[in-house]
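Count the sequence shown with full-length UniProt numbering and you get residues 1 to 425, in order. All residues carry an ideal CB built from backbone N, CA and C; glycine is no exception. Only a predicted model underlies this, so the values are computations on that prediction, with no experimental measurement involved. What follows is a set of notes on a single structure, which appears directly below.
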Amino acid sequence: MPFTDNRSFKAAPRMLVSADGMYYRTPDGRRILDGTAGLWCVNAGHGRESIVRAIQDAAATLDFAPTFQLGHPLPFVLANKLAAIMPKGLDRIFFTNSGSESADTALKMALAYHRARGQSGRTRLIGRQRGYHGTNFGGMSVGGIGGNRRGFSAQLWGVDHLSHTHGGTAPFTRGMGTTNQDIAGELEELVALHGAETIAAVIVEPVAGSTGVLVPPRGYLQRLREITSAHGILLIFDEVITAFGRLGSATAADYFGVTPDILTVAKGLTNGAVPMGAVAASREVHDTVVDGAGPGIEFFHGYTYSGHPLAAAAGIATLDLYAEEALFDRAGGLARRWEEAVHGLRGARHVVDIRNIGIVAGIELTSREGAVGARAMEAFHRCFDEGLLIRVTADIIALSPPLIVENGQIDEIVSRIATVLGQID
Ligand SMILES: Cc1ncc(COP(=O)(O)O)c(C=O)c1O
1 MPFTDNRSFK AAPRMLVSAD GMYYRTPDGR RILDGTAGLW CVNAGHGRES
51 IVRAIQDAAA TLDFAPTFQL GHPLPFVLAN KLAAIMPKGL DRIFFTNSGS
101 ESADTALKMA LAYHRARGQS GRTRLIGRQR GYHGTNFGGM SVGGIGGNRR
151 GFSAQLWGVD HLSHTHGGTA PFTRGMGTTN QDIAGELEEL VALHGAETIA
201 AVIVEPVAGS TGVLVPPRGY LQRLREITSA HGILLIFDEV ITAFGRLGSA
251 TAADYFGVTP DILTVAKGLT NGAVPMGAVA ASREVHDTVV DGAGPGIEFF
301 HGYTYSGHPL AAAAGIATLD LYAEEALFDR AGGLARRWEE AVHGLRGARH
351 VVDIRNIGIV AGIELTSREG AVGARAMEAF HRCFDEGLLI RVTADIIALS
401 PPLIVENGQI DEIVSRIATV LGQID
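Following this line, the structure appears as structure tokens:
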């Protein structure tokens, strides 16, 4: 099973059999309040009728159609809807089936772009410590999680990493903090070390999610943008978690006011209902690759299921639902209430830091001696048994409920966590 302690799971399986709105249900009929939108993806809540219907209709109409040298209408409709909410200028869309595929697609686009403009020496990719870009070879290599890399000795050649953004601001900072450190300025050092002419792209999550909700300090992303632009390096935002209202706007790029050259999405694109990802590229990147190619195929890349009818139908219904219910604005309106509530855990047993932005929070616990992650894992199990789904990474609890969460449910999430933390050593 993915990222699972298989032996523990087999010894005591925790199963989910259905879901509706803010709740999962277990085989014995218990309701589990979803504090994590599944895995950061079910932004509109579970079992949404219009999405279910769209998938059913698509399956009955066109179960599959190849998208190599052929087309069918749904991905084009979805591409237009997606382009309309991407940052201005990022309106060229390529479909994938997951966040990992989106990351690798974006990296390959960056290499293809430089090659097409006669700079094929730009092959180096820069990621960031504590970054997560999925588990394929590209994403793994630019990712900065030791555990995801160490077991697999072959990494992409020429990758380097920036320092992570954590630790520059004070613990219990609400939203974005300030720091005197020029963390993004480190990119200038990497440019000096390797030469800009060898660097294709920098890829970062605007807010690092999987390694425990690391909110960038003010000005950080702007500075990355300035440095990349100055050196002809493409900037890629991995928005697999941050897009689709998580921060109260369509994208984190919008939220922070920084436009990358390439932006990746997945998860919330279909509300998690059918696997799908996408990469949005600027016209400059797209046109350079397409116009720079000889006759025939311009970008030798793609997947059998790129733009799959069921996924595209789910995506269209999802984006329509987000708009109809103004869910991104709803999340923005809830953000202050969310912040107040999660910071109410300051002083709870074991808690050493709380971070938040939009409808996301990271609650960091002290680790047990010699057993990093054991305390949070126990909290995860206990919360589940108490009817609450949380996500944990090392000893950090990460929260990201569906954007339909009500105030009372926010309070419930926080009070159950406080109770559980009070019960465990
Ligand atoms: C920022 C980011 N990129 C990529 C991925 C990988 O997505 P997937 O699991 O769909 O391959 C994730 C998954 O959590 C993610 O958070």
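Query                                                                                                                                                                     : Result
Let me check you understand the geometry: is the CB of D34 closer than 6 angstroms to at least one non-hydrogen atom of ligand 1?                                         : no
Sort F68, L74, P217, V52 by Cα distance to L62 and report the nearest one.                                                                                                : L74
Is the beta carbon of H133 within less than 6 angstroms of some heavy atom of ligand 1?                                                                                   : yes
Ignore the nearest five residues each way along the sequence and tell me which others in L190's own chain have a CB closer than 8 angstroms to its CB.                    : I126, D160, L162, I199
Output the boundary residues of the beta strand (DSSP E) element that contains E226.                                                                                      : No beta strand (DSSP E) contains E226, which is instead part of the alpha helix (DSSP H) from 220 to 230.
Could you check what DSSP says for R31 in three-state terms: helix, strand or coil?                                                                                       : strand
For E226, I'd like the list of residues in its chain whose CB is within less than 6 angstroms of its CB, leaving aside the five on either flank, ordered along the chain. : none
Taking Cβ to Cβ, would you say T67 is nearer than 7 angstroms to G307?                                                                                                    : yes
What does the alpha-carbon distance come out to for the pair L156 and F237?                                                                                               : 19 angstroms
Can you tell me where the alpha helix (DSSP H) holding N407 begins and where it ends?                                                                                     : 407 to 423
On the DSSP bridge list, what partners appear for L214?                                                                                                                   : A208
Per DSSP, what kind of secondary structure is A273 in: helix, strand or coil?                                                                                             : coil
If the criterion is Cβ atoms closer than 7 angstroms, does the pair V420 and R382 meet it?                                                                                : yes
Whose CA, out of L334, L319, R330, V405, lies closest to the CA of L78?                                                                                                   : L319
Alpha carbon to alpha carbon, how far is D57 from D425?                                                                                                                   : 51 angstroms
Could you give the first and the last residue of the continuous alpha helix (DSSP H) run that contains Y113?                                                              : 99 to 116
In chain order, which continuous runs of the alpha helix (DSSP H) of length 4 or greater are located wholly inside the region 266 to 321?                                 : 283 to 291
Pick helix, strand or coil for A335, following the three-state DSSP scheme.                                                                                               : helix
Less than 6 angstroms between the CB of I241 and some heavy atom of ligand 1, yes or no?                                                                                  : yes
Beta carbon of D238: closer than 6 angstroms to some heavy atom of ligand 1?                                                                                              : yes
Taking 7 angstroms as the limit between beta carbons, can you name the residues of its chain near D20, skipping five residues before and five after?                      : H46, G47
Using the Cβ count rule (16 or more neighbours within 10 Å means buried), how would you classify P206?                                                                    : buried
Residues in the same chain with beta-carbon distance under 7 angstroms from E188, minus the five sequence neighbours each way, listed in chain order, please.             : I227
Pull up the distance between the alpha-carbon of G139 and that of A103, whole angstroms please.                                                                           : 6 angstroms
When you compare only the Cα positions, how much space is there between A110 and V285?                                                                                    : 8 angstroms
Any idea what DSSP makes of I126, helix, strand or coil?                                                                                                                  : strand
Counting only the same chain and skipping the five closest in sequence on each side, list residues whose C-beta sits under 6 angstroms from that of I282.                 : This sequence places Ser at residue 282; Ile is not what is there. Excluding sequence neighbours, S282 sits near G89, L90, D261.
Are the beta-carbon atoms belonging to P402 and A37 less than 7 angstroms from one another?                                                                               : yes
Sorry if obvious, but does the Cβ on G38 come closer than 6 angstroms to a heavy atom of ligand 3?                                                                        : As for ligand 3, it is missing from this structure, which binds only ligand 1.
Between which two residues does the beta strand (DSSP E) holding I396 run?                                                                                                : 396 to 399
Buried or exposed for A60, going by 16 or more other Cβ atoms inside 10 Å?                                                                                                : exposed
Nearest to A280 by CA position, among G373, M176, N80, R416, is which residue?                                                                                            : N80
Would you mind stating whether G35 and V213 have Cβ atoms separated by less than 7 angstroms?                                                                             : no
By the DSSP assignment, the beta strand (DSSP E) with L365 in it spans what residues?                                                                                     : 360 to 365
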